[in-house]
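Engineer:
Residue numbers (my numbering): 60 to 325.
Here you go:
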């Protein structure tokens, strides 16, 4: 197929890197706001922790592969950017939020990732190790791709697209398309297959946006406060697996209330 010729992997990989880098920069307005107000307000650290975990996992997978420079570069950049976001978050977070974020990083980004590396090195070798890590990456990506379902449900129920920004949904869809074609061109189905879901959910979100955007401007729907709170939290954490071989990004929506003390001290 001409579309997937010898140079296609380089073209799609570079385009994927470019779009992924732009997605990584999406939270900059949020952190500029945090910097100006010297407070994290109601923003949560979970999206950045998950994005960092994904970048670390995909970086590990890329190092196990041969000729995976394109994957290494964007995931290395992703690790740096997400780490900087978390550092800035920790600087301006309240004490309870700092404790919660520290626990999250230690248990998830260090503990869970460390166990994956340890067990894959102990119980697998060579191509088997690459396959095992590839499956882990794919499963994590599929789990994250289920996140937009809650937002889609909220949009359909409320007939409002308030919590589903069209530009970011469009950018994430393009990102998924690029990485799907990249994975297909190098015959890496651990990269290509999860992005099929990314493309599907992205297109669904854009169609819903076009359907409900006019209605949202005409009518302000009545939403159950509990449902609205769930929708906002889900939207903030939507598609958080790295935009780098598998789709990811962060939808920056401020929660209505500060995180509860019980959640922070969990």
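We put the beta carbon where it would ideally sit given N, CA and C, even for glycine.
In this text, all values refer to a predicted model and were calculated from it rather than measured experimentally.
Per DSSP, what kind of secondary structure is residue 245 in: helix, strand or coil?
Structural biologist: What you label residue 245 is simply residue 186 of the chain shown in a count that begins at 1. It is coil, neither helix nor strand.
Engineer: Helix, strand or coil: which one does DSSP assign to residue 141?
Structural biologist: Position 82 of the chain shown holds residue 141. DSSP places residue 141 in helix when its eight states are reduced to three.
Engineer: What residues in its chain sit with their C-beta under 6 Å from that of residue 288, if we drop five residues either side in the sequence?
Structural biologist: As a position in the chain shown, residue 288 is number 229, starting the count at 1. Confidence at residue 288 is low in this model, with a pLDDT of 49, below 50, so the placement of that residue should be treated as unreliable; the coordinate-derived value is given next. Same-chain partners within the cutoff: there are none.
Engineer: Measuring alpha carbon to alpha carbon, tell me which residue in 187, 229, 119 is nearest residue 176.
Structural biologist: Locating residue 176 in the chain shown gives position 117, where the first residue counts as 1. Checking every option, the nearest Cα to that of residue 176 belongs to 119.
Engineer: Using C-beta distances below 8 Å, list every residue in its chain close to residue 78, excluding the 5 sequence neighbours before and after it, in chain order.
Structural biologist: Here residue 78 refers to the residue found at position 19 when the chain shown is read from its first residue. Around residue 78: 230, 233, 234, 237, 302.
Engineer: Any contact between the region 218-226 and the region 167-175? By contact I mean 3 or more CB pairs, one from each, below 8 Å.
Structural biologist: These segments do not touch.
Engineer: Judging by CA-CA distance, which residue of 107, 253, 85, 134 is the nearest neighbour of residue 198?
Structural biologist: As a first step, residue 198 is located in the chain shown; it is residue number 139 there, counting from the start. The candidate whose alpha carbon is nearest that of residue 198 is 253.
Engineer: Buried or exposed: where does residue 196 fall if 16 or more other Cβ atoms within 10 Å of its Cβ makes it buried?
Structural biologist: Numbered from its first residue, the chain shown carries residue 196 at position 137. With 16 or more Cβ atoms within 10 Å of its Cβ, residue 196 is classed as buried.
Engineer: Under the assumption that residue 218 contacts residue 268 (Cβ atoms under 8 Å), give the Cβ distance between them as a whole number of angstroms.
Structural biologist: On the chain shown, position 159 is the one that residue 218 refers to. On the chain shown, position 209 is the one that residue 268 refers to. That belief does not hold up - the Cβ atoms of residue 218 and residue 268 are roughly 12 Å apart, past 8 Å.
Engineer: Are there 16 or more other CB atoms within 10 angstroms of the CB of residue 260, so buried, or fewer, so exposed?
Structural biologist: The sequence position of residue 260 within the chain shown is 201, counting from 1. Counting Cβ neighbours within 10 Å, residue 260 comes out buried, since at least 16 surround it.
Engineer: Tell me whether residue 126 sits in a helix, a strand or coil according to DSSP, three-state version.
Structural biologist: As a working note, residue 126 is residue 67 in the chain shown. Here residue 126 sits in coil by DSSP.
Engineer: Here's a check: name, in chain order, each residue in its chain whose Cβ is nearer than 7 Å to the Cβ of residue 263, leaving out the five neighbours to either side.
Structural biologist: Taking the chain shown and counting its residues from 1, one reaches residue 263 at position 204. Around residue 263: 211.
Engineer: When you compare each of 122, 68, 141 to residue 192 by their alpha carbons, which one comes out closest?
Structural biologist: Numbered from its first residue, the chain shown carries residue 192 at position 133. Cα-wise, what sits closest to residue 192 is 122.
Engineer: Does DSSP classify residue 102 as helix, strand or coil?
Structural biologist: Walking along the chain shown from the start, residue 102 turns up at place 43. It is coil, neither helix nor strand.
Engineer: I need the straight-line Cα distance from residue 133 to residue 80, nearest angstrom please.
Structural biologist: Taking the first residue of the chain shown as 1, we reach residue 133 at position 74. Taking the first residue of the chain shown as 1, we reach residue 80 at position 21. The alpha-carbon atoms of residue 133 and residue 80 are separated by roughly 7 Å.
Engineer: Taking residue 329 as part of the alpha helix (DSSP H), name the residues at either end of that continuous run.
Structural biologist: For the chain, the structure presents residues 60 to 325; residue 329 sits outside this window and is missing.
Engineer: Do residue 93 and residue 147 have their CB atoms nearer than 8 Å?
Structural biologist: Your numbering for residue 93 matches position 34 in the chain shown. Your numbering for residue 147 matches position 88 in the chain shown. For residue 93 and residue 147, yes; Cβs fall inside 8 Å.
Engineer: Just reading off the alpha helix (DSSP H) that residue 219 is part of, what are its end residues?
Structural biologist: If you number the chain shown from 1, residue 219 lands on position 160. It is not in any alpha helix (DSSP H) - residue 219 carries neither H nor E in the DSSP assignment.
Engineer: Please classify residue 248: is it buried, with 16 or more other beta-carbons within 10 angstroms of its beta-carbon, or exposed?
Structural biologist: Stepping through the chain shown from its first residue, residue 248 is reached at position 189. The residue is exposed, with fewer than 16 neighbouring Cβ atoms inside 10 Å.
Engineer: Assuming residue 75 and residue 110 make a contact with CB atoms under 8 Å, what is their CB distance in whole Å?
Structural biologist: Residue numbering aside, residue 75 sits at position 16 when the chain shown is read from its first letter. Residue numbering aside, residue 110 sits at position 51 when the chain shown is read from its first letter. Actually they do not touch by this definition, with Cβ atoms about 16 Å apart.
Engineer: Starting from the Cα of residue 67, find the closest Cα among 228, 244, 265 and give me that residue.
Structural biologist: Walking along the chain shown from the start, residue 67 turns up at place 8. Looking at the Cα atoms, 244 is the closest of the given residues.
Engineer: Measure the alpha-carbon distance for residue 71 versus residue 97 and round it to whole angstroms.
Structural biologist: Along the chain shown, read from residue 1 onward, the residue named residue 71 stands at position 12. Along the chain shown, read from residue 1 onward, the residue named residue 97 stands at position 38. Each residue's alpha carbon lies about 40 Å from the other.
Engineer: State yes or no: is the C-beta of residue 204 within less than 8 Å of the C-beta of residue 112?
Structural biologist: Along the chain shown, read from residue 1 onward, the residue named residue 204 stands at position 145. Along the chain shown, read from residue 1 onward, the residue named residue 112 stands at position 53. In this structure, residue 112 does not lie closer than 8 Å to residue 204 by Cβ.
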